[in-house]
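Engineer: Just so you know, the protein sequences line up as chains A and B, in that order. Going by our numbering, the first residue of the first sequence is number 1, and it counts up by one from there. Going by our numbering, the first residue of the second sequence is number 199, and it counts up by one from there. For each residue, glycine too, the CB sits at the ideal point set by N, CA and C. In this text, all values refer to a predicted model and were calculated from it rather than measured experimentally.
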Amino acid sequence: MSQPATRLRLAAAAEPDVAPDLGGLLLRVARGDEAAFGAVFDELGASVYGLARRVIRDPARAEEVSQEVFMQIWQSAVRFDPARGSAKSWVLTLAHRRAVDAVRHDQAATNRENKYDWSNGPDFDEVAETVTISLEHEQVRRCMERLTELQHEAVNLAYYNGYTYAEVAEALGANHATVKTRMRDGLVRLRDCMGVEA
Amino acid sequence: MTTVDLHSMIAPYALNALDSQERARFDIHLQQCAHCRVELAGFHATAARLGDVSSQAPPAELRDRLMTAVASALQERPAVVALTQSSRIRRTLPRLAMAAAFLVGTVGVGGFVVERGQAGDERAVTMAITSVLAAPDADTKSKSFKEGGNVRLITSASRDSAVIFANDMPGLEDGKVYQVWMIKGSSPTSQGTFKTRGTTIMKGLTDVDRVAITIEPSGGSKQPTSAPIATLAV
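#1: Within 10 angstroms of its Cβ, does residue 345/B collect 16 or more other Cβ (buried), or is it exposed?
#2: Near residue 342/B, which residues of its chain fall below 6 Å by C-beta distance, leaving aside the five closest residues on each side in sequence?
#3: Against chain A, which members of the region 254-273 of chain B pass a CB distance test of less than 8 Å?
#4: Count the C-beta pairs between the region 181-191 of chain A and the region 146-159 of chain A that are closer than 8 Å, then say yes if the count reaches three, no if not.
#5: For residue 76/A versus residue 239/B, is the C-beta distance shorter than 9 Å?
#6: Return the residue from the list 409/B, 272/B, 423/B and 204/B that minimises the CA-CA distance to residue 389/B.
#7: Measure the beta-carbon distance from residue 338/B to residue 357/B and round it to whole angstroms, keeping in mind my assumption that it falls under 8 Å.
#8: Report yes or no: do the region 362-379 of chain B and the region 389-401 of chain B share at least 3 C-beta pairs separated by less than 8 Å?
#9: Any contact between the region 162-175 of chain A and the region 215-232 of chain B? By contact I mean 3 or more CB pairs, one from each, below 8 Å.
#10: Thinking C-alpha only, which one of 207/B, 243/B, 242/B and 244/B is nearest residue 226/B?
#11: Could you tell me whether the region 32-43 of chain A touches the region 133-145 of chain A, where touching means 3 or more Cβ pairs closer than 8 Å?
#12: Can the beta-carbon of residue 195/A be found closer than 9 Å to that of residue 253/B?
#13: Among 177/A, 174/A and 189/A, which has the Cα closest to the Cα of residue 148/A?
#14: If I'm right that residue 25/A touches residue 40/A with Cβ under 8 Å, what's the distance once you round it to whole angstroms?
#15: Hey, quick one: how far does the alpha helix (DSSP H) through residue 263/B stretch, first residue to last?
#16: Relative to the C-alpha of residue 21/A, which residue among 82/A, 78/A and 105/A is closest?
#17: Between residue 148/A and chain B, is any beta-carbon pair separated by less than 9 Å?
#18: With DSSP as the reference, label residue 161/A as helix, strand or coil.
#19: Mind reading off the beta-carbon distance from residue 275/B to residue 353/B? Whole number of angstroms is fine, and I expect it under 8 Å.
#20: I need the DSSP call for residue 180/A, collapsed to helix, strand or coil.
#21: Can the beta-carbon of residue 48/A be found less than 9 Å from the beta-carbon of residue 256/B?
#22: I need the DSSP call for residue 148/A, collapsed to helix, strand or coil.
#23: Do you know whose CA, among 69/A, 95/A, 38/A and 56/A, lies nearest residue 269/B's CA?
#24: So residue 412/B packs on residue 426/B, CB below 8 Å; how close in whole Å?
#25: With a Cβ-Cβ cutoff of 9 Å, do residue 431/B and residue 187/A count as a contact?
#26: Let's test the definition: count the other Cβ atoms within 10 Å of the Cβ of residue 415/B and tell me whether it reaches 16, buried, or not, exposed.
#27: Report all residues from its chain with a CB closer than 7 Å to the CB of residue 420/B; omit the five preceding and five following residues, and keep chain order.
#28: Take residue 73/A as the anchor and find which of 176/A, 146/A and 94/A has the nearest alpha-carbon.
#29: For residue 380/B, count neighbouring Cβ atoms within 10 angstroms of its own Cβ and tell me buried if that reaches 16, exposed if not.
#30: Can you check DSSP and say which residues form a bridge with residue 406/B?
#31: Per DSSP, what kind of secondary structure is residue 391/B in: helix, strand or coil?
#32: Please report how far the alpha carbon of residue 102/A lies from the alpha carbon of residue 424/B, in whole angstroms.
#33: Taking only beta-carbon positions, decide if residue 224/B is within less than 9 Å of chain A.
#34: In chain order, what residues of the same chain lie with their CB nearer than 7 Å to the CB of residue 100/A, ignoring the 5 residues before and after it?
#35: Whose C-beta lies closer than 7 Å to the C-beta of residue 258/B among residues of the same chain, with five residues either side of it excluded?
#36: So that I know if they touch, is there some Cβ in chain B lying closer than 9 Å to that of residue 42/A?
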């Protein structure tokens, strides 16, 4: 059986001054602007869906959760506070929380044992799917590599597999306080490595 | 849970690695800890970047389904800020600056929800309101209700803004709120909702001839669904 054809595109990061003003779009969404909502989906739909696929694995469930995320964006855009962070951060935080809640609710223990294998790139199982490896992806990968083994695993299991810190502690044979500290140290290192500003 | 324990939860919280009970407890703590909110903002932004590695085009039907769904889906509305009030404006001015309670997305008994877009700039909103109240061309219209309560609209052409105060409004049954509308010609634009009292500032009065209040289902309506209980000329 032949492998599904897959195309990889290397995409340059969008220049900041041509990226759409997501904060402005959310402001309009909160006022009921459906076109603005469509624009938010066009900009962030792939990020939300990709994250859901990654955490939840099951494609149908991931699609369902992605729909729930965007419905939540529509219903509660009024809650976005630009002083507390970027629009993209708000959306992905919401998406991650829903994805994690879904995976804890649904998924059998065996699925959650799968750890992300950085050497192969993302998995996909549809024919002729285009996957964009962006420069942002490369930066995250590079910065993740700078973490210690324990920091890396703590962040990885929590973010990409939806583990609680107690489950991470059990998986890694460490105590709760240590895991929480490693999560903190890992996030601080990532934050500084990527030059993230809230 | 000691304070030290709570602060060690910031990173797990940002990674959604707390169980639902811990998350709920930490949500409450967040409301009281400005330092935590600041640190969390950075961690959330960092965690959001972790999502970059997994971008994947969604199925085409997803967008279509969403656009169909939002055409009929209700939204949470920006609601009206409540500030403590005094009948004497001069005494009120410094008190307004201290009494403003701005919580985005939280509806309290008095309807304390901030007008979206003003959320990050409490001082600016307070100053804008006091500027209208203190303007030399400030013009006041008011209406009292026989069941109790009153509404006051202060308009200033020089500030191109109007402030509305609603106070001690008659209680509504569950599932109903008061909604404030700014009306240009025959087109109303929602300015927010409240339960018993509220204040909001409306900016940009070109072609606006009146402000109205209607009673709507909780969460507000896209357009008024009943006759106004109060209409005040701008």
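Structural biologist: Taking the structure as given:
#1: exposed
#2: 348
#3: 254, 255, 256, 257, 260, 261, 263, 264, 265, 267, 268, 269, 271, 272 and 273
#4: yes
#5: no
#6: 409/B
#7: Between residue 357/B and residue 338/B the Cβ distance is about 14 Å, and since that is not below 8 Å, they are no contact.
#8: The region 362-379 of chain B makes contact with the region 389-401 of chain B, as at least three CB pairs between them are under 8 Å.
#9: Judged by Cβ distances under 8 Å, the region 162-175 of chain A makes contact with the region 215-232 of chain B, as three or more pairs qualify.
#10: 207/B
#11: Contact between the region 32-43 of chain A and the region 133-145 of chain A is absent: fewer than 3 CB-CB pairs across the two stretches fall below 8 Å.
#12: no
#13: 189/A
#14: 5 Å
#15: 258-268
#16: 82/A
#17: For residue 148/A, no Cβ of chain B is located within less than 9 Å of the residue's own Cβ.
#18: helix
#19: The beta-carbon separation of residue 275/B and residue 353/B, rounded to 23 Å, does not stay under the 8 Å limit for a contact.
#20: Correct three-state label for residue 180/A: helix.
#21: yes
#22: The DSSP-derived three-state label of residue 148/A is coil.
#23: Among 69/A, 95/A, 38/A and 56/A, the Cα nearest to that of residue 269/B belongs to 38/A.
#24: 5 Å
#25: no
#26: With fewer than 16 other Cβ atoms within 10 Å, it is exposed.
#27: none
#28: 94/A
#29: buried
#30: Residue 406/B is bridged by DSSP to 382/B.
#31: strand
#32: 40 Å
#33: no
#34: The answer, listed in chain order, is 55 and 162.
#35: Correct list: empty, nothing qualifies.
#36: Cβ-Cβ to chain B under 9 Å: yes for residue 42/A.
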